DNA sequence: GCTTTTCTGAAATTTTTGTTTCAGAACGAT
DNA sequence: ATCGTTCTGAAACAAAAATTTCAGAAAAGC
């Protein structure tokens with residue numbers, strides 16, 4: 048299986064940059080070594096110029112791991128590896144052409160990867176600037192309140208995101224319920240909503256009638272509504288207590304949900320933090336169940 | 048005796064660059080020290096990053112001379128001097144996209160929104176740098192090839208993303224099939240895979256045994272495997288023809304899939320572009336079906 | 001020229017860095 | 001469950017780097 052990799056290995060020992068060598072040999076690296084590779088990439092190549100001890104500590108691995116990795120990359124030892132880094136640096140310094148920043152570094156600027164990423168960064172920028180952090184905090188507070196049930200609903204496209212959000216919230220706390228707006232059982236879920244419960248709705252372009260209807264019914268029951276929508280705002284926002292809009296335009300025939308995912312993940316992180324005291328056991332139990340079922344692997 | 052010089056010395060110990068300090072203290076340097084200073088200026092600052100011995104040899108002076116000089120410049124010893132050089136270098140090299148001050152503009156920097164976003168941007172940066180655009184293009188080519196069936200599988204957490212990917216791809220072209228790794232019907236799907244078909248797998252931390260098994264079986268049938276994984280690399284990568292890794296670490300108890308989503312969306316955009324001629328009708332038909340069912344609202 | 005002061009590097013010493021070994025942990029196969 | 005394999009870091013060890021000491025060389029003063 049690794050037949051061809053051996054050839055690669057021999058090639059990479061010649062005069063590629065250290066970064067390239069890491070790239071090329073990445074498959075062959077072990078878990079700890081990959082962690083080290085990651086640490087090395089932050090602030091590359093300066094990060095590798097300290098002592099082997101410093102580098103190891105930085106990457107939270109042992110010094111032998113460092114030695115093993117640089118050997119895999121084709122160097123005789125750490126000093127040789129460091130010398131290579133220094134040569135690279137020298138070349139880089141002496142060539143002060145302030146090259147326009149490119150995301151996928153070896154791809155031309157007009158490559159879809161660069162164009163798309165550029166747009167997404169811009170979306171993040173513009174969307175985040177609009178978020179009121181107090182509203183955000185308030186939303187997290189609601190979601191972390193164990194006395195409230197939380198219902199989560201997404202549309203046809205945003206279903207993936209609502210699933211994702213549901214899954215995390217469900218691990219963090221009890222009383223979280225997914226609603227499937229697509230099948231027509233959803234009115235049953237409304238029955239279970241009490242005043243002061245929370246409904247999280249995601250409704251993006253191609254706003255869905257069922258989501259609007261659900262929001263309306265929920266509001267009548269005194270449910271607090273948190274809405275994730277796009278930059279134009281779903282009609283659901285009429286009923287929302289708090290609403291977060293993300294810019295979704297990218298050079299594509301389709302919209303981008305990256306910003307919404309970012310907001311959700313941030314919210315999950317914060318709710319987790321707030322809930323920690325109430326439900327720390329929950330996670331530990333979950334871990335244990337995973338271990339017991341051995342369905343998932345911890346590493347490698 | 049050095050009464051007035053002490054004052055100078057104190058001034059220069061603050062936070063000037065090493066070059067400045069040499070400049071300021073040049074008068075006070077002895078012959079051998081000036082020779083050293085000269086050597087240091089050639090190829091500054093990289094020249095100072097080796098060992099004290101190397102530097103001394105380079106400048107043709109003794110190591111004690113080096114120590115004495117760096118002390119005169121206000122450093123406690125050679126290592127401290129070198130650390131200063133490294134910091135300078137870091138600042139010089141480090142990303143021209145200077146850290147953006149604050150994302151959620153009215154929130155304090157330490158607000159979760161800003162912290163989290165900062166981490167995500169960093170993840171994007173580091174992950175994209177690692178993507179080989181030729182591999183990316185090749186993957187898009189496979190996915191756009193109408194003669195191949197495409198199967199998509201995700202794990203417990205990454206299911207949401209695989210759904211999302213499936214949904215888009217399915218709109219773009221025919222012959223796209225989701226696989227549910229969780230339920231034990233998935234071996235049935237394997238039956239339908241022919242050589243040269245494509246399997247897209249998403250396997251992130253907490254790598255799942257069923258995904259690995261599926262990858263192996265698929266490979267035996269000559270299926271091309273495209274893998275999305277995290278920075279450590281799922282064991283599935285052993286079987287993958289192309290693999291894309293995203294950095295997923297954020298200040299949270301959970302991992303971030305933002306980068307993976309970004310990669311997927313970019314890929315969807317590109318596949319769409321490539322498939323346009325083959326399946327332009329498909330989208331139009333879809334539009335019409337939506338209109339007929341009146342399930343979605345175009346505006347407001 | 002002679003003395004005093006300052007400067008310099010060889011060599012000894014201390015500290016740190018880099019490498020190797022090895023036992024235990026995690027993993028993978030059965 | 002168990003057994004062989006691979007991976008990992010603690011600790012021992014070797015190598016080197018950094019510092020200090022000190023005697024002799026160079027420079028300055030007289």
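Protein chains in written order, with this note's numbering: chain A, 48 to 347; chain B, 48 to 347. Glycine included, C-beta positions come from ideal geometry on N, C-alpha and C. Predicted, not measured: the structure shown is a model, and the values here were computed from it.
Counting only residues of its own chain and dropping the five nearest sequence neighbours on each side, residue 303(B) has a CB closer than 7 angstroms to the CB of 167, 170, 295 and 297. In this structure, DSSP gives residue 280(B) a state outside helix and strand, which the three-state scheme calls coil.
Less than 9 angstroms separates the beta-carbon of residue 159(B) from that of residue 313(A). Uninterrupted beta strand (DSSP E) stretches at least 3 residues long and entirely within the segment 180-223 of chain A occur at 197-201, given in chain order. By the C-beta density criterion, residue 244(A) is buried, having at least 16 other C-beta atoms within 10 angstroms. Bridge pairing for residue 292(B): 276(B) [DSSP]. No residue range can be given for residue 304(B), since it is assigned to no beta strand (DSSP E) and is classified by DSSP as neither H nor E. The beta carbon of residue 287(A) sits closer than 8 angstroms to the beta carbons of 248, 262, 272, 273 and 274 from its chain, once the five residues preceding and following it are set aside; these are given in chain order. Proximity to residue 239(B) across 163(B), 320(B), 196(B) and 76(B) peaks at 196(B), based on C-alpha coordinates.
Residue environment: residue 257(B) is assigned as buried (16 or more neighbouring CB atoms within 10 Å of its CB, all protein chains considered). Note that the C-beta distance between residue 186(B) and residue 206(B) is not below 9 angstroms. By the Cβ test, the segment 83-102 of chain A is in contact with the segment 65-75 of chain A, since at least three Cβ pairs between them sit closer than 8 angstroms. Contacts with chain A at 9 angstroms (Cβ-Cβ) include residue 285(B).
At least one CB atom of chain A sits nearer than 9 angstroms to the CB of residue 93(B). The count of Cβ pairs closer than 8 angstroms, one atom from the segment 125-132 of chain B and one from the segment 148-157 of chain A, stays below three, leaving the stretches out of contact. Taken through DSSP and simplified to helix, strand or coil, residue 271(B) comes out as strand.
Boundaries for residue 156(A): no beta strand (DSSP E) harbours it, and the DSSP string shows neither H nor E there. Going by DSSP, residue 131(B) is part of the alpha helix (DSSP H) stretching over 125-140. Leaving aside the five residues that flank residue 284(A) on each side, the residues in its chain whose CB is nearer than 7 angstroms to its CB run, in chain order, 274, 276 and 290.
Closest option to residue 260(A), judged by alpha-carbon separation, among 281(A), 241(A) and 242(A): 281(A). For residue 298(A), the neighbours in chain B by C-beta distance under 8 angstroms run, in chain order, 316.
For residue 153(A), the residues of chain B that pass the 8 angstroms Cβ criterion are 179 and 180, in the order they occur in the chain. Listed along chain A are 203, 204, 206 and 207, each with a C-beta nearer than 9 angstroms to that of residue 214(B).
In this structure, the beta-carbon distance from residue 293(B) to residue 310(B) falls below 9 angstroms.
Rounded to whole angstroms, the gap between the alpha carbons of residue 212(A) and residue 200(B) is 19 angstroms.
At a cut-off of 9 angstroms, the C-beta of residue 128(B) has no neighbouring C-beta in chain A. Assignment of residue 246(A) by DSSP, reduced to helix, strand and coil, places it in the strand class. The beta carbon of residue 103(A) sits closer than 8 angstroms to the beta carbons of 83, 109, 110, 112 and 113 from its chain, once the five residues preceding and following it are set aside; these are given in chain order. Separation of residue 216(A) and residue 198(A) (C-alpha to C-alpha, rounded to the nearest whole angstrom) is 10 angstroms.
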